[in-house]
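Student: Residue numbers for the sequence shown follow the working numbering, beginning at 348 and rising by one. Beta carbons: idealized from backbone N, C-alpha and C, even for Gly. Note that the coordinates shown come from a computational prediction; the quantities given were computed from them, not determined experimentally. Once you've had a glance at the structure underneath, I'll fire off some questions.
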Amino acid sequence: MSSLNDKKKKLREEYRRRRDAFHSQLDMATRGLAFRRPPTPLAKLIEQSEVIALYSAIGSEAPTARLADYLAEIGKTIAFPVCVGDAPLEFRKVDNIDLLEAGFRNISEPNADCPVVTPDLIIAPMLAFDRSMHRLGQGGGHYDRTFGKYPDAIRIGLAWSVQEADSIPVESHDRQLHMIITESEIIQSVEMTS
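Right under this line is the structure:
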């Protein structure tokens, strides 16, 4: 294993522990309120987008269910990913998130009857992030391949503030985010602020 892969593996372990510890200390009311409405910079991007891709949060990941409810209220097309081996994620339109079913690694995903759509904006989970807009995912490369497949889609990372790292080691295939949203802060790329 290369030293870069070793660093990433250690970071994943460390930030998974941090996220789990932080999440376990939150009361249910706080968990329910977090990420339910998009902050103004994200709301403006959502307004300009038709198809918004979310993820099904598992464990201590930043939740997306309330955000999905909000998007449905304002009439946006909501899509969730389907993992198809090592291929980029496939996004399928979902009219009711209660109908998601267990898929890859038991993560809730749309069934095969849901139509495939092309996202304008992708909200992605992560284990860690840095101020250079890099994200550290689970290590499968699914979102990096997906960002490559949809280069025009706006890339948003959703995380708890404790997931911020000083620096994330990057490789040539890693894609930077346009915006990172935590429960307490909005971090925007230079591209988004100009």
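Assuming residue 533 and residue 500 form a contact by the criterion Cβ under 8 Å, report the distance between their Cβ atoms to the nearest whole angstrom.
Tutor: The pair is not a contact, with the Cβ atoms about 19 Å apart (cut-off 8 Å).
Student: For the alpha helix (DSSP H) containing residue 392, list its first residue and its last residue.
Tutor: That run of the alpha helix (DSSP H) goes 387–394.
Student: Along the chain, which unbroken stretches of the beta strand (DSSP E) at least 3 residues long are found entirely within the segment 470–496?
Tutor: List check, beta strand (DSSP E) in window: nothing returned.
Student: Kindly indicate which three-state DSSP category residue 380 falls into: helix, strand or coil?
Tutor: Looking at residue 380 - three-state DSSP - the assignment turns out to be helix.
Student: Within the present structure, is the beta-carbon of residue 350 separated from the nearest heavy atom of the ligand COA by less than 8 Å?
Tutor: Ligands displayed in this structure: none; no statement on the ligand COA is therefore possible.
Student: If we ignore side chains and look at the alpha-carbon of each, how far apart do residue 378 and residue 392 end up?
Tutor: Roughly 24 Å between the two C-alpha positions.
Student: What residue range does the alpha helix (DSSP H) around residue 372 cover?
Tutor: Start and end: 350–372.
Student: Alpha carbon to alpha carbon, how far is residue 485 from residue 537?
Tutor: So the two alpha carbons sit approximately 26 Å from each other.
Student: Answer with buried or exposed for residue 356, where buried requires no fewer than 16 other C-beta atoms within 10 angstroms of its C-beta.
Tutor: Exposed, because fewer than 16 other Cβ atoms sit within 10 Å of the Cβ of residue 356.
Student: Relative to the C-alpha of residue 365, which residue among 507, 387 and 529 is closest?
Tutor: Selected option, being the one with the closest Cα: 507.
Student: Measure the Cβ-Cβ separation of residue 441 and residue 457 and say whether it is below 9 Å.
Tutor: Yes.
Student: Rounded to the nearest angstrom, how far is the Cβ of residue 435 from that of residue 495, given a contact under 8 Å?
Tutor: The pair is a contact, with the Cβ atoms about 7 Å apart (cut-off 8 Å).
Student: Less than 9 Å between the C-beta atoms of residue 408 and residue 505, yes or no?
Tutor: Yes, the pair counts as a contact, with Cβ atoms nearer than the cut-off.
Student: Is the beta carbon of residue 524 sitting closer than 9 Å to the one on residue 363?
Tutor: No, they are not a contact pair.
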